[in-house]
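Numbering (my numbering), first residue to last: 16 to 779.
What follows is the structure, given as structure tokens:
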């Protein structure tokens with residue numbers, strides 16, 4: 016008992032001393048520079064790094080010891096500290112860090128350096144300094160809201176990178192040579208605000224001249240970014256503002272122009288002579304010295320897949336219906352258009368790029384052209400891909416010039432040298448470039464993307480700069496036909512102002528016609544009204560919400576039918592996993608089928624007047640087969656993948672033909688076209704055709720169909736139709752519906768569903 020008494024007094028003394036440390040005397044910036052306060056911060060932060068256990072992780076490991084191991088194994092020199100975790104244990108020091116970051120960060124980096132070099136003694140041979148990066152700062156500021164109160168504090172801002180300078184060496188520790196006596200002066204520590212100047216030499220007392228000792232001076236990397244406000248965050252009618260961001264050490268080249276980023280850093284000022292001469296009184300230029308940079312919309316950084324995610328994705332890939340589910344999940348708010356959804360799915364997964372011994376490169380990206388009538392959701396599809404796809408860049412035909420799509424040369428305002436700036440296709444490298452209103456582009460501008468679409472590079476020779484830029488991206492373009500509407504009685508080339516060289520570079524052509532069909536139109540209208548009804552407006556009243564909730568409860572059974580649709584977050588994760596881990600390979604046995612289909616297609620294309628079939632279309636089928644295999648997470652291309660690719664290419668080819676030629680082509684290629692088609696859907700199409708014929712006949716006889724409640728269809732006629740489509744469709748359809756000879760009637764109001772009542776011929 017006696018021995019524990021002094022320890023209690025000592026603990027109380029420690030608590031009292033700790034309490035005294037938290038009582039700031041004078042200004043905070045002066046307080047954190049005191050030696051006893053720095054020692055206190057050092058101790059607390061060291062305990063935090065060596066003892067913090069994340070309650071979310073069930074393993075009980077020390078969080079930052081594990082992160083230090085990862086930093087060392089990845090050969091990095093930055094340790095990321097989560098601000099929210101730190102503030103949960105040491106709230107006062109965390110607030111000091113936000114309000115006086117320079118002094119507190121110095122102490123923290125000293126702690127990190129010692130801890131890392133204690134745990135891994137040999138690591139100091141690789142990196143001499145360890146930096147602390149603060150993540151998850153809770154307060155987010157807009158660039159236009161930063162004021163004088165934020166000076167010398169830690170801020171978190173976001174925006175789009177518009178310009179990036181080169182990398183320059185900046186002085187960190189300077190040593191000077193005295194030109195008179197030859198002695199070395201220093202080291203002097205250089206900060207970002209003012210230049211270090213030596214007044215006199217301590218050896219010979221002379222006042223110079225002094226020159227920088229190049230060998231013993233320590234430099235660090237320096238780069239400047241221009242960050243502009245994101246277009247989505249701007250108030251109505253305002254121009255975007257910008258702020259300069261300085262990147263140092265290992266943060267250089269972490270973002271490039273066109274990317275949307277979030278910067279956590281110290282908001283500081285420096286004396287700018289040019290501003291003072293312009294304004295006539297002392298003004299300071301403000302910059303953000305970056306501490307941590309996070310990319311907002313980069314798919315691979317946004318979705319760091321956990322082990323659970325990988326297990327869920329692999330389990331999902333075993334579902335035999337995963338291909339159909341994936342296609343249904345693309346733009347679920349758009350009704351129908353299965354062919355466009357299939358094309359976009361294949362383009363987003365992409366084929367396998369091939370590089371033959373580093374000399375000859377074959378592209379793996381799939382290009383898609385959507386051509387059709389107005390109001391068929393072409394632009395909506397492009398906007399969906401922009402939000403969902405990885406590194407998607409959206410542009411329009413009229414707003415994009417050849418230079419804007421490929422590359423521009425301009426004078427750098429800082430160095431006054433000619434520099435190269437990438438256009439939309441370069442920014443979309445390893446992603447998707449979306450071009451709307453493709454037909455409105457000038458011919459000269461359209462020719463500039465020929466090279467980018469096949470060789471996937473952009474060659475530049477301007478202003479003495481001769482180089483080649485990478486543009487490894489899929490191109491998804493949308494265009495309108497001449498005169499607004501697609502005319503099936505004309506050939507494809509008569510319908511659209513695109514030359515053969517550019518059309519042949521597209522792997523999939525989707526021709527969308529706005530066909531008048533009362534049943535389909537009614538279902539489409541119902542779908543649109545329902546989707547508008549389910550979308551809750553922002554300013555809704557409480558009574559409206561209660562009404563909507565009751566309506567949603569009553570409509571709950573309807574929603575169960577769409578349980579096959581994947582969530583958009585899971586879809587993005589699945590895409591990321593497939594692109595990173597699955598690289599399908601071809602089998603020789605599948606080549607024979609592709610060769611036969613290509614030979615037949617060449618024969619048909621020489622007769623017809625649609626799109627000419629070239630060698631590129633063999634490569635298109637191979638790419639689509641690989642994309643379909645990747646969709647199922649298969650490392651080898653199977654016969655099913657090849658059949659699907661052939662079906663997509665044939666539908667693309669047939670849709671570009673005249674209406675009269677389409678029927679004959681469908682008949683000759685029917686064994687490929689019906690692959691994985693819904694047999695009930697095929698039967699419904701035939702049945703609807705017979706109903707329309709019967710109604711037309713009735714209209715000719717009686718002059719009107721107003722009084723008609725149902726239509727008689729003789730089942731023998733339906734059987735004859737099915738037999739004409741070959742036994743491939745005949746068997747499954749009849750097994751599914753179990754039709755018997757006789758007559759059927761169909762209510763003309765409900766012709767969208769197969770509501771058949773069989774009536775025996777004898778009884779009728």
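Think of the CB as a built atom: it goes at the ideal place given N, C-alpha and C, for glycine as much as any other residue. Just so it is clear, the structure is predicted and the values come from calculations on it, not from any experiment.
Residues bridged to residue i (per DSSP)
i: residue 489; result: 447
i: residue 179; result: 240
i: residue 11; result: Residue 11 lies beyond the residue range present for the chain, which begins at 16 and ends at 779; the question has no answer from this structure.
i: residue 146; result: 93
i: residue 375; result: 371
i: residue 285; result: 300
i: residue 279; result: 171, 307
i: residue 600; result: 651
i: residue 425; result: 434
i: residue 9; result: Because the chain here runs from 16 to 779, residue 9 falls outside it and cannot be looked at.
i: residue 483; result: 474
Backbone CA spacing between residue i and residue j [nearest angstrom]
i: residue 431; j: residue 180; result: 12 Å
i: residue 163; j: residue 299; result: 11 Å
i: residue 166; j: residue 117; result: 12 Å
i: residue 484; j: residue 103; result: 48 Å
i: residue 663; j: residue 407; result: 24 Å
i: residue 306; j: residue 256; result: 21 Å
i: residue 35; j: residue 114; result: 19 Å
i: residue 436; j: residue 627; result: 36 Å
i: residue 785; j: residue 380; result: Any question about residue 785 goes unanswered here, given that the chain covers just 16 to 779.
i: residue 604; j: residue 620; result: 26 Å
i: residue 482; j: residue 401; result: 29 Å
i: residue 280; j: residue 434; result: 28 Å
i: residue 233; j: residue 193; result: 18 Å
i: residue 137; j: residue 145; result: 14 Å
i: residue 670; j: residue 683; result: 15 Å
i: residue 480; j: residue 266; result: 28 Å
i: residue 611; j: residue 618; result: 11 Å
i: residue 631; j: residue 598; result: 21 Å
Neighbour-count burial assignment, residue i, 16 or more Cβ in a 10 Å radius
i: residue 422; result: buried
i: residue 516; result: exposed
i: residue 199; result: exposed
i: residue 656; result: buried
i: residue 126; result: buried
i: residue 489; result: buried
i: residue 425; result: exposed
i: residue 595; result: exposed
i: residue 573; result: Summary for residue 573: the model assigns pLDDT 38, below 50, so the residue's position carries little reliability; its value from the coordinates is reported in the next sentence. Burial call: exposed.
i: residue 244; result: buried
i: residue 651; result: exposed
i: residue 448; result: buried
i: residue 344; result: buried
i: residue 222; result: exposed
i: residue 141; result: exposed
i: residue 541; result: exposed
i: residue 40; result: exposed
i: residue 457; result: exposed
i: residue 326; result: exposed
Short Cβ contact (7 Å threshold) for residue i with residue j
i: residue 412; j: residue 452; result: yes
i: residue 182; j: residue 275; result: no
i: residue 440; j: residue 667; result: no
i: residue 642; j: residue 446; result: no
Three-state secondary structure (DSSP) of residue i
i: residue 35; result: helix
i: residue 627; result: coil
i: residue 530; result: coil
i: residue 83; result: helix
i: residue 131; result: helix
i: residue 324; result: helix
i: residue 522; result: coil
i: residue 300; result: strand
i: residue 6; result: The shown model of the chain, from 16 to 779, leaves out residue 6, and the question about it has no answer.
i: residue 434; result: strand
i: residue 253; result: coil
i: residue 464; result: coil
i: residue 116; result: helix
Residue i: CB within 6 Å of a non-hydrogen atom of the ligand GDP
i: residue 321; result: Summarising the ligand content, the structure contains no ligands, and the ligand GDP is consequently not present.
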